[in-house]
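Below is one structure, written out as structure tokens; the observations come after it.
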Amino acid sequence: RGYSLFNSLVREQMDNLIKQQKEFAHHKELIIKMQTILNETINQLHSLFMFDLEHDKNQELFKQMKQKGLYTVVPKIV
């Protein structure tokens, strides 16, 4: 019986580890997707700002928005 109980506990721990690995992989995929979306959004904003005549002013605004976005969104994802 002791051997059976030990096997059962080991099997349960292995199942938990496998479940955690799958959850980790899923969360990692979500982080990558969110980073891709964030980069695309930043690129779109950059394109919009580049068309404006006030290039220097918009360039600085773009840098500020990018930094704020990265510091706000990325830590929440991780």
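Counting from -11, one number per residue, gives the positions in the sequence shown under the working numbering.
Where a beta carbon is used, it is the ideal one built from N, C-alpha and C, also for glycine.
> Taking the C-alpha atoms as reference points, what is the distance between M22 and S(-8)?
Replying inline: In the sequence shown, residue 22 corresponds to position 34, counting from 1. In the sequence shown, residue -8 corresponds to position 4, counting from 1. Distance between the alpha carbons of M22 and S(-8) is about 45 Å.
> Whose CA, out of K51, Q8 and K10, lies closest to the CA of L33?
Replying inline: Locating residue 33 in the sequence shown gives position 45, where the first residue counts as 1. Nearest of K51, Q8 and K10 to L33, Cα basis: K51.
> For N31, which residues of its own chain have a beta-carbon under 8 Å away from its beta-carbon, when the five flanking residues on both sides are left out?
Replying inline: The count along the sequence shown starts at 1 and reaches residue 31 at position 43. Excluding residues within five positions, none has a Cβ falling inside 8 Å.
> Taking C-alpha atoms, which residue in A13, F(-6) and K54 lies nearest to L26?
Replying inline: Along the sequence shown, one-based indexing puts residue 26 at 38. When only C-alpha atoms are compared, the closest one is K54.
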